[in-house]
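Visitor:
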Amino acid sequence: MLRNVLPYTEQHYARALVMPNIDPPVVTVNDVLRYRDEIAVAQTTSFLPLMTIKITPWTTPATVIATRDAGVVAGKLYPEGVTTGADVGGVSDFRAMWPVFRAMEDTDMVLCLHGELPSSSVLDRENAFLPELRDIAEGFPRLRIVLEHVSTAAAVDAVRSLENVSATITAHHLLLTIDDLLSDRGLQPHHYCKPVVKTSHDRDVLIEAAVTGDRNFFFGSDSAPHSREKKEADCAPAGVFSSPVAMSILAAIFEQAGALSALEGFTSEFGAQFYGLPLTTGHLELRRETWTVPRTYGRLVPLCAGTELFWRVVE
Ligand SMILES: [Zn+2]
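Residues in the sequence shown are numbered consecutively from -4, following our numbering.
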């Protein structure tokens, strides 16, 4: 899968935050080094993988220090049971993690949160997580936190109200609503991700947060490939494969909002600044040109498969 999808990431992105919820998950220094080597073998450009570890109930402050020394930039925490790989190593007792958060704060390791509480109904899970977010953010005011792939208006409000919290937004959460998942034409498994896409009001608030140039909101693709056989089955895993199309989709959304000039900040500057990275010197050229997204890339069905998009990345 890595060899299948890395070319599409490398084509459009100079670097990526590499999420740790693979099987088996990335939890130790050895896991990080092995995964980074696997990426190095598969990559063909100067693409820079920014490594993460999964923060599990068994993560210790010593693990944080050791992995930070090995170059890890962030730890991602998944509440128990909410998404791919969160059955094992998901967290249910956030207060028990405070020594780990303290170590992350002290070593300036970013805390990335999959912000959903599984005890609520699926549409309410992100909002139910917001009090936990506030508790962590206020408990560790120097800890830099990213609420990943925000999906609701309430989460956007919460991010704005917390000084040490930023958020990523995906292309699919800016594009789709629940009606595109549970569509009149039928169930669309390729639109199924966690957190699930929400109402048109939520989407409008996300678009507003993205296009206004608020540097607390930046692009995170959350591109999550699963094979067509697995997605078109009786129990489809969550995840949208978006890396080949996300830039085209974003350009159209920003154009429609009259905010094309804000696209560069959202995709290329605010995230880098948050992570304290120098801006990349390369350029990505987008041209206003209609193209039809392939129905598949190998065994993967991309977001917007078979449909026309109106911006194209110049290869
Ligand atoms: Zn996630």
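Where a beta carbon is used, it is the ideal one built from N, C-alpha and C, also for glycine.
Which term fits M99, buried or exposed, when burial requires 16 or more other beta carbons within 10 angstroms of its beta carbon?
Guide: By one-based count along the sequence shown, residue 99 stands at place 104. Classification for M99: buried.
Visitor: Check each candidate in V105, Y3 and V160 and name the one with the smallest Cα separation from A37.
Guide: Position 42 of the sequence shown, counted from the first residue, corresponds to residue 37. Nearest option by C-alpha distance: Y3.
Visitor: Among V22, E264, E133 and L169, whose alpha-carbon lies nearest the alpha-carbon of V160?
Guide: Reading the sequence shown from its first residue, position 165 is the one you call residue 160. Closest in C-alpha terms to V160, from the list V22, E264, E133 and L169, comes E133.
Visitor: By how many angstroms is the C-alpha of F261 removed from the C-alpha of G70?
Guide: The residue labelled residue 70 in the question sits at position 75 within the sequence shown. The residue labelled residue 261 in the question sits at position 266 within the sequence shown. Rounded to whole angstroms, G70 to F261 spans 22 angstroms at the Cα level.
Visitor: Is the CB of E127 under 8 angstroms away from at least one CB in chain D?
Guide: The displayed structure is made up of one protein chain only, and chain D is not part of it.
Visitor: Confirm, please, whether the CB-CB distance from V308 to F249 is below 8 angstroms.
Guide: The sequence position of residue 249 within the sequence shown is 254, counting from 1. The sequence position of residue 308 within the sequence shown is 313, counting from 1. No, they are not a contact pair.
Visitor: Between the Cα of H109 and those of A247, P56, E127 and A252, spot the shortest distance and give me the residue it belongs to.
Guide: What you label residue 109 is simply residue 114 of the sequence shown in a count that begins at 1. For the residues A247, P56, E127 and A252, the minimum Cα distance to H109 belongs to E127.
Visitor: Could you please give me the residues that DSSP links to S218 through a beta bridge?
Guide: Position 223 of the sequence shown, counted from the start, is the residue given in the question as residue 218. Answer by DSSP bridge pairing, in chain order: V235.
Visitor: Residues around ligand 1, please: the ones whose beta-carbon is closer than 6 angstroms to some heavy atom of it, in chain order.
Guide: T78, H109, E143 and H144
Visitor: Between which two residues does the alpha helix (DSSP H) carrying W93 extend?
Guide: Here residue 93 is taken as the residue at index 98 of the sequence shown, counted from 1. Where W93 is concerned, the enclosing alpha helix (DSSP H) stretches over W93 to T102.
Visitor: Since P190 and E75 should fall inside the 8 angstroms C-beta cutoff, what is the C-beta to C-beta distance between them, to a whole number of angstroms?
Guide: As a position in the sequence shown, residue 190 is number 195, starting the count at 1. As a position in the sequence shown, residue 75 is number 80, starting the count at 1. No, P190 and E75 are not in contact; Cβ-Cβ is about 15 angstroms, not under 8 angstroms.
Visitor: Less than 8 angstroms separating the beta-carbons of L326 and A148?
Guide: Since the first residue of the chain shown is -4 and the last is 310, residue 326 is not available in this structure.
Visitor: Excluding the 5 residues flanking P136 on each side, which residues of the same chain have their C-beta closer than 8 angstroms to its C-beta?
Guide: As a working note, residue 136 is residue 141 in the sequence shown. E158 and N159.
Visitor: Buried or exposed for C107, please, with buried defined as at least 16 other CB atoms from any protein chain shown within 10 angstroms of its CB.
Guide: As a first step, residue 107 is located in the sequence shown; it is residue number 112 there, counting from the start. So C107 ends up on the buried side.
Visitor: Have a look at R210, Y292 and E227 and flag the residue whose alpha-carbon is nearest the alpha-carbon of T163.
Guide: One-based indexing of the sequence shown puts residue 163 at position 168. Residue R210 is the option with its Cα nearest to T163.
Visitor: Beta carbon of S237, beta carbon of A300: below 8 angstroms?
Guide: For the purposes of this step, residue 237 is taken as residue 242 along the sequence shown, with counting starting at 1. For the purposes of this step, residue 300 is taken as residue 305 along the sequence shown, with counting starting at 1. In this structure, A300 does not lie closer than 8 angstroms to S237 by Cβ.
Visitor: Tell me, please, whether the stretch 55 to 62 touches the stretch 111 to 122 by the rule of three or more beta-carbon pairs shorter than 8 angstroms.
Guide: Contact between the stretch 55 to 62 and the stretch 111 to 122 is absent, with fewer than three C-beta pairs closer than 8 angstroms.
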